[in-house]
Amino acid sequence: MVLETERLLLREYAFDDLDPLYEILSDRETMAHYPKPFEEEDVQRWIRWNRENYALYGFGLWAVVLKGTGKLIGDCGITLQSIDGETLPEIGYHIHKSHWRQGFGSEAARAVRDWAFEHTGYDRLYSYMKYTNVASCSTARAAGMKKVKEYPDEKNGITYVYAITREEWEALKGKV
């Protein structure tokens, strides 16, 4: 499975993605809104978990690769997450800090959003993040999502939830 945008390819993880993914997920700045940066074993589990998701659901987080160079710069995709006690389809994303503020996260999130509405029966897609994660909130908004909830939780202190409905997406696509 490969998604293609103007500048990116999104593809399933392979086990040889460990080193470039570790560089991203072990970085303190990149993971500032997580409990802690990942260790190598955490990244191995991350890849395995996503490969299991591909087999179970037909989706997961996909490797985000620059078309021009083939360099892995992050991940973006759909996973089923517990959001305020409900299991919901979430668009998640991580981009290497050397590629921040260039629109790659938003480009990937829009491609995943489109894929999800075209290939799944979900009527609403979500993104959730720690309230301090301003960049993630911006990426969710760039994908057409609106803040629909915030709630206190043990992990984040306060979690923000963004969502877009199929109807909102169809209206967006009609304007393009």
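Residue numbers (my numbering): 1 to 176.
We treat Cβ as the ideally placed atom computed from N, Cα and C, and that holds for glycine.
In the structure shown, T139 falls within a helical segment according to DSSP collapsed to helix, strand and coil. Listed as beta-bridge partners of V64 by DSSP are L10, G74. For G92, the enclosing beta strand (DSSP E) has its first and last residue at 86–95. Taking 8 Å as the cut-off, the beta carbon of W62 is found closer than this to the beta carbon of G77. Under the three-state reduction of DSSP, R110 is assigned to helix.
A straight line joining the alpha-carbon of V43 with that of E86 spans about 25 Å. In this structure, A109 and Y93 form a Cβ contact; the two beta carbons are roughly 6 Å apart against a cut-off of 8 Å. When DSSP states are grouped into helix, strand and coil, R28 belongs to the coil group.
When C-alpha distances from R141 are compared across G60, R113, I158, the shortest belongs to R113. Boundaries of the alpha helix (DSSP H) around D42: 40–57.
E154 sits in coil when the DSSP states are folded into three classes, being neither helix nor strand. In this structure G70 is exposed. Its beta-carbon is surrounded by fewer than 16 other beta-carbon atoms within 10 angstroms. L8 sits close to V64, with the two beta carbons spaced by under 8 Å. Non-local beta-carbon contacts of D153 in its own chain, meaning distances under 8 Å to residues more than five positions away in sequence, involve D84, T159 in chain order. Per DSSP, K36 lies in no beta strand (DSSP E) segment and is marked neither H nor E. Between K173 and N156, the gap from beta carbon to beta carbon reaches 8 Å or more.
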